[in-house]
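*Asks:*
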Amino acid sequence: MKTGVSVADVMTEHPIVVGPETSLQECARVMTENHVGAVLIQGRGDLLGIVSEQDIVRKSVLNGDIPSRIRVKDIMVSKLITISPSADVFDAVRVMAEENIRHLPVIRGENFAGVVTMKDILKIQPELFQILVDKIELREEERKVKY
Numbered sequence: 001m002k003t004g005v006s007v008a009d010v011m012t013e014h015p016i017v018v019g020p021e022t023s024l025q026e027c028a029r030v031m032t033e034n035h036v037g038a039v040l041i042q043g044r045g046d047l048l049g050i051v052s053e054q055d056i057v058r059k060s061v062l063n064g065d066i067p068s069r070i071r072v073k074d075i076m077v078s079k080l081i082t083i084s085p086s087a088d089v090f091d092a093v094r095v096m097a098e099e100n101i102r103h104l105p106v107i108r109g110e111n112f113a114g115v116v117t118m119k120d121i122l123k124i125q126p127e128l129f130q131i132l133v134d135k136i137e138l139r140e141e142e143r144k145v146k147y
């Protein structure tokens with residue numbers, strides 16, 4: 001299913017970025033102030049990774065770590081799943097659903113172009129929400145079978 005809407009049409013071109021040495025406490029403050037669920041990690045012009053609210057909770061808070069002492073480089077996801085700005089937003093939704101992510105860095109050639117989020121897509125294509133619901137239900141069924 002194609003929507004005719006490209007990732008470039010909905011992506012955020014200048015997303016919130018922090019450096020790899022930023023503390024988790026500062027990172028969480030930046031996320032809160034900017035009303036975002038994830039920040040990109042950039043060092044010397046290169047995109048190094050991404051940190052989401054869930055990463056902060058799962059990889060530090062639940063372990064009893066002190067957020068002011070942990071750096072984002074220690075918990076960031078560095079193996080990035082990305083998409084091209086020319087891709088259809090349906091492809092972005094499919095990737096997000098399959099990978100269980102809500103933030104997808106956009107790469108044009110070798111260069112970082114922005115980020116597309118589930119919220120960005122659902123603002124302009126709310127009918128794609130059902131695809132996500134179906135994927136989540138399938139994943140829940142798979143988990144039930146395993147246990």
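Sequential numbering from 1 applies to the sequence shown in my numbering. Using N, Cα and C, we set each Cβ at its ideal position, and we do this for glycine too. Remember, it's a predicted structure, so these values are computed and weren't measured experimentally.
1) Just to confirm before moving on: does the CB-CB distance between residue 33 and residue 73 stay below 8 Å?
2) Just curious, the alpha helix (DSSP H) that residue 32 is in, first and last residue?
3) Starting from residue 42, follow its DSSP beta bridges and name the residues at the other end.
4) Residue 113: beta carbon under 7 Å from a heavy atom of the ligand MG?
5) Going by beta-carbon coordinates alone, are residue 53 and residue 64 separated by less than 8 Å?
6) Can you list, in chain order, the residues of its chain whose CB lies under 7 Å from that of residue 25, leaving out five sequence neighbours each side?
7) Where does residue 92 fall in DSSP's three states?
8) Report the start-end ranges of each beta strand (DSSP E) in the segment 65-128 that is 3 residues or longer and not cut off at the edges.
9) On the CB-based measure, 16 or more other CB atoms within 10 Å of its CB, does residue 124 come out buried or exposed?
10) Alpha carbons only, please: which of 114, 80, 121 and 43 is nearest the one belonging to residue 99?
*Replies:* By the coordinates alone:
1) No, these two residues do not count as a Cβ contact at 8 Å.
2) Counting along the chain, the alpha helix (DSSP H) containing residue 32 begins and ends at 24-34.
3) Bridge partners of residue 42: 47.
4) This structure simply doesn't include the ligand MG, nor any ligand for that matter.
5) Between residue 53 and residue 64, the CB-CB gap reaches or exceeds 8 Å.
6) Scanning its chain for C-beta atoms nearer than 7 Å, with the 5 sequence neighbours on each side dropped, one finds around residue 25 the residues 67 and 68, in chain order.
7) It is helical.
8) Annotation: the segment 65-128 contains the following complete segments of the beta strand (DSSP E) (minimum length 3 residues), in chain order: 103-108 and 111-117.
9) Looking at its Cβ environment, which holds fewer than 16 other Cβ atoms inside 10 Å, residue 124 is exposed.
10) Measuring C-alpha to C-alpha distances from residue 99 to each of 114, 80, 121 and 43 identifies 80 as the nearest.
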